[in-house]
Amino acid sequence: MYVKKVAVRNFLCYTDLSVELDGGINVFSGENAAGKTNLAESIYYASVGKSARGRKDKELLRWDSEESAEIHITVQKKYACHRVDISIDRQGKKRIMIDRLPIGKMGELMGAVYVVYFSPDEMRLIKESPVDRRRFIDISLCQQDKVYFYTLVRYNQLLQQRNKLLKEYVSSPSLKVMSDLIIDKMCVEQEYIIRKRKSFLERLAPVAKSCHSHLTGAQEDLTIAYETEEINFDDIRESLKALYEKSFEKDKKLAYTTVGIHRDDLKIATNGIDIRKFGSQGQQRTAAISLKLAEVKLFYETSGEYPVLLMDDVLSELDDNRQIALFDALDGIQTIVTCTSFEKKIAPNATIYEIKDRKIKKLC
């Protein structure tokens, strides 16, 4: 799979922009604040319907425009060409069409454009909170599995309901009964999520290990493991119910749910050292890239097609040897690279574009 064309209007810094892309490596070079990241963000948004940088939808409109923002993506898949059109009005309300037909649910967008995104902010995947590591797992699985997307949505709704119940009915004699009714439903949804996360990480681990070995010249050994509640995987629902029963008084006192898949984590170690806490900046960066490359390869195993790899301003963080090793691993994968400068020797077959004054010029 690859993106053939991107066109945007009134999106972030762009008034009107259109660019056709090569199926291989596309390098967009320009000064800081030239608009490189905004171009990458338009492709990401067409994939998951959210900003890669956490912006609210209405914040994606060009600041001085009274018109809606628009994103138009043409994507070539194995058997057909598809188009994604998105418009966002001043109130932040979005309208999405796939092949010119409007969609009613966000889940219908998942899988239209496969994307793996990496930027310096993605270092949070390694060194920040479990929320960022869960987001990495969930975004990947949501793109690959619409059932997972809808199951996660239902679980989060149930979690909000239980937390609201714990706050508002703390003195009610029926709190336990009402809580148990919600827990029964939560456990059903969690069983599917846990099994999918566990399977995903078991497949991801050896691929990430191989990618990491390639990037480090076999000098470091990367291991990852799923950290979840202490449950019996042969009977997940009953194990979870026992945990909720045990934590009820604590949850009641704190007025929020202290157990469940919203507290899962991903353990990441290099040569046996937990690099979430003790890794160097270089180790954390290389591990994050390895996880993203492994995610790309899992997309291919699942769908038979590679996703688009968006690499926003990360080359400056790598030395020449690791840059070369990285591009060697990207054969056959459409990659959108943004940077302030680029040496052709790093990737001789790359297509180079210059971004200047919010305009794009193809150089070679």
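With this note's numbering applied, the sequence shown closes on residue 1055, and no number is skipped along the way.
Backbone N, C-alpha and C define an ideal beta-carbon position, used for all residues, glycine too.
*Can you tell which of Tyr-991, Ile-964 and Lys-1050 has its C-alpha closest to the C-alpha of Ala-978?*
The residue given as residue 978 occupies position 287 in the sequence shown. The shortest C-alpha separation from Ala-978 is found at Ile-964.
*Rounded separation between Pro-1056 and Val-694 - CA only*: An answer regarding residue 1056 cannot be provided, because it is not within the stretch 692 to 1055 covered by the chain.
_Per-residue DSSP class, three states only, for Phe-719_ = Locating residue 719 in the sequence shown gives position 28, where the first residue counts as 1. In the structure shown, Phe-719 sits in a strand (DSSP, three-state: E or B).
_Beta-bridge partners of Asp-707, as assigned by DSSP_ = Taking the sequence shown and counting its residues from 1, the one referred to as residue 707 is at position 16. According to DSSP, which records beta bridges pairwise, Asp-707 is partnered with Arg-700.
*Nearest to Asp-776 by alpha carbon, out of Lys-837, Ile-734, Lys-747 and Asp-812?*
Taking the first residue of the sequence shown as position 1, residue 776 is located at position 85. The residue with the shortest Cα to Cα distance from Asp-776 is Ile-734.
*asked:* Going by the DSSP bridge assignment, what does Val-806 pair with across the sheet?
replied: The residue given as residue 806 occupies position 115 in the sequence shown. In DSSP, Val-806 forms a bridge with Val-999.
*Would you mind working out which of Asp-780, Tyr-947, Leu-906 and Ile-817 sits nearest Leu-856, comparing C-alpha positions?*
In the sequence shown, the residue the question calls residue 856 occupies position 165. Of Asp-780, Tyr-947, Leu-906 and Ile-817, the residue nearest in Cα terms is Tyr-947.
*Ala-803 to Met-797, Cα distance in whole Å?*
Residue numbering aside, residue 803 sits at position 112 when the sequence shown is read from its first letter. Residue numbering aside, residue 797 sits at position 106 when the sequence shown is read from its first letter. Distance from the CA of Ala-803 to the CA of Met-797, rounded to the nearest whole angstrom, comes to 11 Å.
*Starting from the N-terminal side, write out each stretch of the alpha helix (DSSP H) that is 4 residues or longer and does not extend beyond the stretch 788 to 855.*
As far as the stretch 788 to 855 is concerned, its whole alpha helix (DSSP H) runs of at least 4 residues are 815 to 818 and 821 to 835.
*Measure from the alpha carbon of Ala-933 to the alpha carbon of each residue in Lys-941, Asp-942, Ile-922 and Lys-943, then state which is nearest.*
To locate residue 933, count along the sequence shown from 1; it is residue 242. Its Cα nearest to that of Ala-933, the residue Ile-922 stands out among Lys-941, Asp-942, Ile-922 and Lys-943.
*Can you tell which of Gln-1025, Phe-1033, Lys-1036 and Leu-1001 has the C-alpha that lies nearest to the C-alpha of Asn-729?*
The count along the sequence shown starts at 1 and reaches residue 729 at position 38. Minimum Cα distance to Asn-729 is reached at Leu-1001.
*Residue nearest to Phe-719 in terms of C-alpha spacing, selected from Leu-1054, Tyr-1044, Ile-817 and Phe-924*: Along the sequence shown, read from residue 1 onward, the residue named residue 719 stands at position 28. Nearest C-alpha to Phe-719: Tyr-1044.
*With a CB to CB cut of under 6 Å and the five nearest residues on each side skipped, what residues in its chain are close to Val-710?*
Taking the sequence shown and counting its residues from 1, one reaches residue 710 at position 19. The beta carbon of Val-710 lies closer than 6 Å to those of Val-697 and Ile-1051 in the same chain, with the five residues before and after it left out.
*asked:* Between which residues of its own chain and Cys-878 is the CB-CB distance below 7 Å, once the five residues before and five after are set aside?
replied: In the sequence shown, the residue the question calls residue 878 occupies position 187. Excluding positions up to five away in sequence, the list reads Arg-928, Leu-931 and Lys-932.
*Neighbourhood of Lys-749 by C-beta, 6 Å cutoff - its chain only, sequence neighbours within 5 removed*: To locate residue 749, count along the sequence shown from 1; it is residue 58. Excluding sequence neighbours, Lys-749 sits near Gly-783.
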